[in-house]
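Heads up: the protein sequence lines correspond to chains A and B, in order.
Quick note on the working numbering: the first sequence kicks off at 3 and runs consecutively.
Quick note on the working numbering: the second sequence kicks off at 3 and runs consecutively.
Glycine included, each C-beta is placed from N, C-alpha and C at the ideal position.
Protein chains: 2
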Amino acid sequence: MSICRPILGDVADRVRSAAIKRPRYDPDRLLEVAVQQFILRGYEATSMAQLGEAAGLGKSSIYHHFPSKEAILHRALSRALDALFAVLEEEQARLGPPPARLEHLLRRTVEVLVEELPYVTLLLRVRGNSRTEIWALERRRHFDRAVAELVAATANAGGLRQGLEPGLGARLLLGMVNSISEWYRPGGPLSAADLARIAASVGLHGISGAARAGAAEATGAKIGR
Amino acid sequence: MSICRPILGDVADRVRSAAIKRPRYDPDRLLEVAVQQFILRGYEATSMAQLGEAAGLGKSSIYHHFPSKEAILHRALSRALDALFAVLEEEQARLGPPPARLEHLLRRTVEVLVEELPYVTLLLRVRGNSRTEIWALERRRHFDRAVAELVAATANAGGLRQGLEPGLGARLLLGMVNSISEWYRPGGPLSAADLARIAASVGLHGISGAARAGAAEATGAKIGR
DNA sequence: TCCTTTCCCGACCGGTCGTTCGGTGCCCAT
DNA sequence: ATGGGCACCGAACGACCGGTCGGGAAAGGA
Numbered sequence: 003m004s005i006c007r008p009i010l011g012d013v014a015d016r017v018r019s020a021a022i023k024r025p026r027y028d029p030d031r032l033l034e035v036a037v038q039q040f041i042l043r044g045y046e047a048t049s050m051a052q053l054g055e056a057a058g059l060g061k062s063s064i065y066h067h068f069p070s071k072e073a074i075l076h077r078a079l080s081r082a083l084d085a086l087f088a089v090l091e092e093e094q095a096r097l098g099p100p101p102a103r104l105e106h107l108l109r110r111t112v113e114v115l116v117e118e119l120p121y122v123t124l125l126l127r128v129r130g131n132s133r134t135e136i137w138a139l140e141r142r143r144h145f146d147r148a149v150a151e152l153v154a155a156t157a158n159a160g161g162l163r164q165g166l167e168p169g170l171g172a173r174l175l176l177g178m179v180n181s182i183s184e185w186y187r188p189g190g191p192l193s194a195a196d197l198a199r200i201a202a203s204v205g206l207h208g209i210s211g212a213a214r215a216g217a218a219e220a221t222g223a224k225i226g227r
Numbered sequence: 003m004s005i006c007r008p009i010l011g012d013v014a015d016r017v018r019s020a021a022i023k024r025p026r027y028d029p030d031r032l033l034e035v036a037v038q039q040f041i042l043r044g045y046e047a048t049s050m051a052q053l054g055e056a057a058g059l060g061k062s063s064i065y066h067h068f069p070s071k072e073a074i075l076h077r078a079l080s081r082a083l084d085a086l087f088a089v090l091e092e093e094q095a096r097l098g099p100p101p102a103r104l105e106h107l108l109r110r111t112v113e114v115l116v117e118e119l120p121y122v123t124l125l126l127r128v129r130g131n132s133r134t135e136i137w138a139l140e141r142r143r144h145f146d147r148a149v150a151e152l153v154a155a156t157a158n159a160g161g162l163r164q165g166l167e168p169g170l171g172a173r174l175l176l177g178m179v180n181s182i183s184e185w186y187r188p189g190g191p192l193s194a195a196d197l198a199r200i201a202a203s204v205g206l207h208g209i210s211g212a213a214r215a216g217a218a219e220a221t222g223a224k225i226g227r
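The following block contains the structure:
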């Protein structure tokens, strides 16, 4: 029963085998395994026993590194949020004309999303069930608002298409960018920097300027020049 | 304890009160309540007892209408998937030039997403934990592939910006459209048809044609003038 | 060498999970 | 009025949940 555990992956094997010199866990390495599991099965659907198994430990051993299951989640979400907020502090996101700042912000957001893929993925799936999740949701809302304000500033500079409310534009933009976490896997042919450049460009082009008369242009509003 | 249940909403009250003539449930009405709860707390995190409470029933009563918790999920996901696939069958999505078909498909997808908001929202959150979820994921993948093929056909017609791989364009497009389920609530100032028109326009404009030289255009490639 | 600290384990706790079951009351056709 | 069936209930099931605890192996400085 408990013997027939499935092929337990990567980290666990590296730890189990005495050949390699890393017999013990530290919180961050355990976090890596845990977040992997949370993404695979969902946070609620992942039991402490499964976390232990994936790490090659008994479930009680987890509590040596983390005081509770929720604490693991908190640490993971905090890591994602810190990385995202760091982007807001970057010089190119704070200075210069709004459109350029927005482009930088989007591009760097995608890059961070890829760099911290598991953690950001987990963040984007949070729905507000526990105090930790509500806290993360609230912090994430602040980030979204910063993006929305930059979109609004871009709109004031005439960088938004007619009839597109800035708030809506920001949501569509963020939705597109965030959805990357659902399919992007590093190691593919597309580098993070390339993806970031393309996604930011596609997004900004979509919400900006006059609608080009494609065959598919349904919006009646057509800017004169 | 069990008395202090929070203000339980809408449907439950309507059913509880003898004033209105609908004292009994049928599967579809119960489904409505259940899906509401699944979205609120997540499928795994919602217990049968909570479902019952939200419906004004004991948890054992749920089993009079559904054979299992997973069956409820299956029915909800099936409803969403059926509605989406119906769009693929629409005449304007099958005939005509690819760009126009793509525009129709996107617009109608948004409209369906809004019409069947709770069910589609649930579908978009499925991660593949159970057999039902895997089935839904597989079926959804077919829908996504149909969109991707239409994007590819649009690309062949020269309707895609340079350097944007059709598969990537389709993912960004779908990501943007699907993200609408995370914030749109009916009853607001924005009608479903308007939202659909705008979202489809923004998305198609984003992936199509040459990049306009905005201040935020970072792609080294700068078109002559 | 010995002893402290770090890391990990199995056994166990109260509680909750999805599900089952025997029984009860209401609605409605007869 | 009455009998049958539909909708519902409370109690109970085994399994499993997150978390606790006392103890044991292994590492590391002395």
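- For Asp146 (chain A), the enclosing alpha helix (DSSP H) begins and ends at 133 to 158.
- Near chain A, meaning a CB-to-CB distance below 8 Å, the residues of the stretch 145 to 164 of chain B are Gly161, Arg163.
- When Cβ-Cβ separations below 8 Å define contact, His207 (chain A) makes contact with chain B.
- Against chain B, a Cβ distance below 7 Å from Ala47 (chain A) picks out Glu46, Asn131.
- Arg81 (chain B) does not reach chain A, its nearest Cβ partner there being about 21 Å away, counting only Cβ pairs nearer than 7 Å.
- No Cβ of chain A is located within less than 8 Å of the beta carbon of Arg96 (chain B).
- In this structure, the CA atom of Asn180 (chain A) is about 33 Å from the CA atom of Arg31 (chain B).
- Cβ neighbours of Ala85 (chain B) within its own chain (closer than 6 Å, five residues either side excluded): Val114, Glu118.
- Residue A:His76 holds the alpha-carbon nearest to the alpha-carbon of Thr134 (chain A) among A:Leu53, A:His76, A:Leu107.
- The beta carbon of Ala51 (chain A) sits no closer than 8 Å to any beta carbon of chain B.
- For Asp28 (chain A), no alpha helix (DSSP H) encloses it, and the DSSP letter there is neither H nor E.
- When the five nearest sequence neighbours on each side are left out, the beta carbons in the same chain lying within less than 6 Å of the beta carbon of Arg110 (chain A) are those of Val89, in order along the chain.
- Within chain B, Arg173, Leu174, Leu176, Gly177, Met178, Asn180, Ser181 have C-beta atoms less than 8 Å from the C-beta of Ser181 (chain A), given in sequence order.
- Using a Cβ-Cβ cut-off of 8 Å, Ile136 (chain B) does not count as an interface residue toward chain A, since no Cβ of chain A sits closer than that to its own.
- Put simply, the CB of Arg43 (chain A) is near chain B, with a gap under 8 Å to one of its CB atoms.
- In the displayed model, Leu115 (chain B) falls within a helix according to three-state DSSP.
- The beta carbon of Ser183 (chain A) lies closer than 8 Å to those of Leu115, Leu119, Val122, Thr123, Leu126 in the same chain, with the five residues before and after it left out.
- Contact note: Ala201 (chain A) reaches chain B through Leu174, using a C-beta cutoff of 8 Å and chain order.
- Non-local beta-carbon contacts of Lys71 (chain B) in its own chain, meaning distances under 7 Å to residues more than five positions away in sequence, involve Met50 in chain order.
- Taking a cut-off of 8 Å on C-beta distances, the stretch 155 to 162 of chain B touches the stretch 88 to 107 of chain B, as three or more cross pairs fall below it.
- If the five residues before and after Val112 (chain B) are omitted, its C-beta is found closer than 8 Å to the C-beta atoms of Val179, Ile182, Ala194, Leu197, Ala198, Ala201, Ala202, all from its own chain and listed in chain order.
- Proximity of Val204 (chain A) to chain B, defined by a Cβ-Cβ separation below 8 Å, is satisfied.
- If you ignore the 5 residues before and after Asp28 (chain A), its C-beta comes within less than 8 Å of the C-beta of His67, all in its own chain and listed in chain order.
- Among the residues facing chain B, Leu86 (chain A) is not included, as its CB has no counterpart in that chain under 8 Å away.
- When DSSP states are grouped into helix, strand and coil, Ala47 (chain B) belongs to the coil group.
- Check the Cα spacing between Gly211 (chain B) and each of B:Thr156, B:Leu176, B:Arg187: the tightest is with B:Thr156.
- CA-CA distance, Leu174 (chain B) to Leu176 (chain A), rounds to 11 Å.
- Assignment of Ser210 (chain A) by DSSP, reduced to helix, strand and coil, places it in the coil class.
- Counting only runs that start and end inside the stretch 46 to 75 of chain A, the alpha helix (DSSP H) elements of at least 4 residues fall at 50 to 57, 61 to 67.
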